[in-house]
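Numbering (the UniProt record's numbering), first residue to last: 1 to 772.
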Ligand code: ATP
Ligand code: MG
């Protein structure tokens with residue numbers, strides 16, 4: 001009976017079969033929390049609990065789908081279908097749809113995304129004649145969001161002198177008025193924003209006891225995964241729904257709480273025992289996911305956090321490889337290293353790309369990785385965010401570049417004709433389009449001859465159109481004497497796109513500005529590569545490359561196995577055989593914006609813990625000594641998290657202590673807002689340093705082998721002449737002895753005994769062995 005119970009350890013089994021009452025499962029990463037929740041649901045159903053009576057809240061809808069599939073494997077597809085599963089937002093949006101009329105909303109209410117919300121707030125600020133600099137729409141939105149997540153309604157705001165005083169002190173006395181207007185307008189528009197989905201659910205449950213009773217009876221068993229990242233609003237929903245039966249099971253790991261910047265409250269998990277004095281607590285401490293090295297390394301880092309619950313995480317899995325640490329000269333080289341390493345690991349271990357994951361702190365870091373993977377023809381998927389070249393700010397710049405190449409490109413023109421805003425409205429664009437169709441000309445041609453044709457556009461607007469046209473023509477002339485990078489840089493400067501992006505000082509803004517810098521860096525790298533390869537380095541060629549990259553991305557819905565690229569925040573709950581954590585540099589990870597207080601730094605450390613514990617077999621930690629940020633090449637220091645890992649778990653691919661880099665100096669022209677302690681370098685020196693590194697590339701020779709100077713090392717890339725007994729050098733594993741050979745041609749493999757990692761079978765074609 002119940003074969004699924006046999007695939008659980010004793011502690012897990014106890015948690016699965018505990019049927020009634022409040023319970024909390026506190027457990028480390030990879031210890032089977034999600035697995036227990038899944039089997040617990042299946043078990044409840046096996047015990048006769050109706051699927052309709054079970055509510056399970058997960059971190060992503062994808063996680064919910066996967067859970068449901070597994071449960072279907074035990075209880076059958078048709079039964080599993082009736083389970084209520086999903087994220088807080090998706091589950092409660094569904095409930096709100098059927099109850100909306102009680103709150104005065106239509107059942108087909110709109111859900112505003114962040115962009116809609118920002119636009120509305122911007123409009124309100126304008127209508128109220130408030131200073132946009134003082135009332136920055138995104139900041140106002142995030143303030144409103146935090147009110148809503150703490151259940152502070154408009155009325156509650158105006159009843160709370162402390163809150164009003166805080167806004168007075170911040171010289172924003174009208175925040176409450178904006179909040180009120182925003183709520184009224186959403187209501188009038190029949191719209192709810194993301195936070196409303198939780199706030200209005202709370203309102204529904206609080207104001208309508210019969211509705212509360214209905215859902216309390218429906219959801220007799222409630223389960224919450226990733227409980228450490230619930231905010232106050234979510235906490236209250238769960239509490240009130242569970243109030244009648246108290247069959248509530250929450251699962252979480254305080255060491256993985258990483259969303260406090262969005263209002264998540266780690267106290268929810270820490271206080272669960274206080275909320276439910278009868279709570280049964282379960283601890284799962286055996287990790288099934290990762291090797292000993294990974295588990296112990298992660299433990300050694302998180303041990304430095306002061307705020308945490310007491311638990312041990314251990315594994316009976318193999319020790320596995322040490323965690324690899326790689327230092328590169330530049331972010332570009334980091335990308336190339338990651339791509340090359342993924343390629344080699346795929347070939348050497350016969351793995352598909354979906355066993356690999358690249359994690360980064362901020363989205364803008366994906367560009368260098370994407371470029372390198374694309375060059376190697378390795379399929380990849382970017383999660384949580386559109387591909388780099390699809391991002392709005394990037395697309396806008398590319399549209400300018402496209403117009404410079406082909407002024408008749410209508411789609412590009414429509415995108416930029418009023419971006420950044422230059423007072424050319426939708427009506428004007430409509431009239432231009434009509435005229436263009438009538439005269440069978442492009443819109444740009446119509447603008448050129450606007451004084452000579454019959455078109456209903458007033459002289460002021462005509463002027464604006466001509467100014468726009470002249471700017472494009474000027475840029476076109478300038479571009480004839482410039483290379484692709486210089487053109488793009490000119491476009492960014494002349495159109496003041498960065499200024500436009502910088503208007504709001506929120507983290508998203510910073511990442512957009514960084515994306516623009518990333519685009520410029522990408523064009524620079526493109527030119528360097530093309531010139532080195534003796535190929536066309538023109539702007540046209542670059543745009544073609546980008547267009548193909550977009551094509552490549554759009555083909556990505558084909559379910560072909562691919563490497564996953566995502567931020568660490570998105571990687572919660574996931575696991576991969578090979579994990580690359582890139583950009584381990586001070587001010588990037590930990591982020592410069594999260595180092596002001598101990599609690600911020602502890603959250604960054606938890607983030608690192610989450611990242612490292614995604615790895616099953618092998619982890620790579622990489623950092624670049626120089627990186628383009630804020631539009632300049634900066635020197636970076638290795639992240640403190642590298643130092644914090646116990647050395648015994650690490651393997652340094654490159655030596656630990658960086659050789660002194662040449663001529664570091666401070667470039668005084670740097671932006672004022674760069675964090676303190678960052679040194680800048682002139683771009684030209686990057687190339688020099690890369691060359692330097694190539695010359696100095698070290699060979700690691702095990703103690704028991706004769707030391708041979710580097711000049712004796714023969715590159716032997718595709719050499720088939722290697723024989724048993726040869727001493728060879730591998731760029732990662734160091735030196736080793738060939739103990740067997742098998743296969744032929746491209747399939748020829750050597751079994752090599754390395755003193756660092758033991759025996760390995762490598763395909764000669766890819767192993768890049770040197771006979772020494
Ligand atoms: P995270 O903290 O990252 O969310 P988790 O605690 O939810 O992790 P799971 O994802 O449920 O952990 O499990 C981690 C891995 O270990 C999964 O691949 C799971 O199938 C496996 N696993 C869990 N328990 C067992 C077990 N008793 N026997 C074998 N494998 C197990
Ligand atoms: Mg999990």
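For every residue, glycine included, the Cβ atom is placed at its ideal position computed from N, Cα and C.
- Counted as a single uninterrupted DSSP element, the alpha helix (DSSP H) harbouring residue 478 occupies residues 459-479.
- If you compare the alpha carbons of 166, 356 and 431 with that of residue 465, the shortest gap goes to 431.
- Take residue 109, set aside five residues on each side of it, and the residues of its chain with a beta-carbon closer than 8 Å to its own are 96, 97, 100, 190, 191 and 192, in chain order.
- If you draw a 10 Å sphere on the C-beta of residue 724, you find fewer than 16 other C-beta atoms in it, and that means exposed.
- Residue state for residue 250 is assigned as strand, using DSSP reduced to three classes.
- For residue 744, DSSP assigns no beta-bridge partner whatsoever.
- Going by C-alpha positions, residue 468 is about 7 Å away from residue 417.
- With contacts defined by Cβ atoms closer than 9 Å, residue 381 and residue 255 do not form a contacting pair.
- Not one heavy atom of the ligand ATP lies closer than 8 Å to the C-beta of residue 312.
- Shown here, residue 595 sits in coil according to DSSP, grouped into three states, outside any helix or strand.
- In the DSSP assignment, residue 567 falls within the beta strand (DSSP E) that extends over 563-567.
- By the 16-neighbour rule on beta-carbons within 10 angstroms, residue 223 is buried.
- If you check the CB distance, residue 260 and residue 599 come in under 9 Å.
- Taking the Cα of residue 153 as reference, the smallest distance to any Cα among 199, 232 and 415 is reached at 199.
- Look at residue 644: its beta carbon is at least 8 Å from all of the heavy atoms in the ligand MG.
- A contact is defined here as three or more CB-CB pairs under 8 Å, and the region 617-635 meets this definition with respect to the region 328-340.
- In this structure, the CA atom of residue 596 is about 15 Å from the CA atom of residue 507.
- Looking at the backbone, the Cα of residue 479 and that of residue 345 are separated by about 43 Å.
- DSSP places residue 25 in the strand class (E or B) of the three-state scheme.
- With respect to the 9 Å criterion, residue 290 and residue 613 are classified as neighbours on the basis of their beta carbons.
- DSSP lists 191 as the beta-bridge partner residues of residue 110.
- Taking the Cβ of residue 20 as the reference point, every heavy atom of the ligand MG lies at 8 Å or farther away.
- Annotation for residue 413: 403, 443 and 444 place their beta carbon closer than 7 Å to its own, counting only its chain and skipping 5 residues before and after.
- Secondary structure of residue 128 (DSSP, three-state): coil.
- Between the C-alpha atoms of residue 339 and residue 353 there is a straight-line separation of about 11 Å.
- The three-state secondary structure of residue 486, taken from DSSP, is helix.
- Counting only runs that start and end inside the region 261-305, the beta strand (DSSP E) elements of at least 3 residues fall at 280-284.
- A distance criterion of 8 Å places the beta-carbon of residue 445 beyond contact range of the ligand ATP, judged by its closest non-hydrogen atom.
- Taking 8 Å as the cut-off, the C-beta of residue 15 does not count as close to any heavy atom of the ligand ATP.
- DSSP, read as helix, strand or coil, puts residue 407 in coil.
- Proximity of the region 243-253 to the region 15-30 meets the contact definition, three or more beta-carbon pairs being nearer than 8 Å.
- According to the DSSP assignment, residue 59 belongs to no alpha helix (DSSP H), since it is labelled neither H nor E.
- Per DSSP, residue 220 has no beta bridge partner at all.
- Put simply, the backbone Cα of residue 637 is about 6 Å away from that of residue 586.
- For residue 571, the closest alpha carbon among the candidates 476, 357, 56 and 107 is that of 357.
- Within the DSSP secondary-structure output, residue 382 pairs in a beta bridge with 565.
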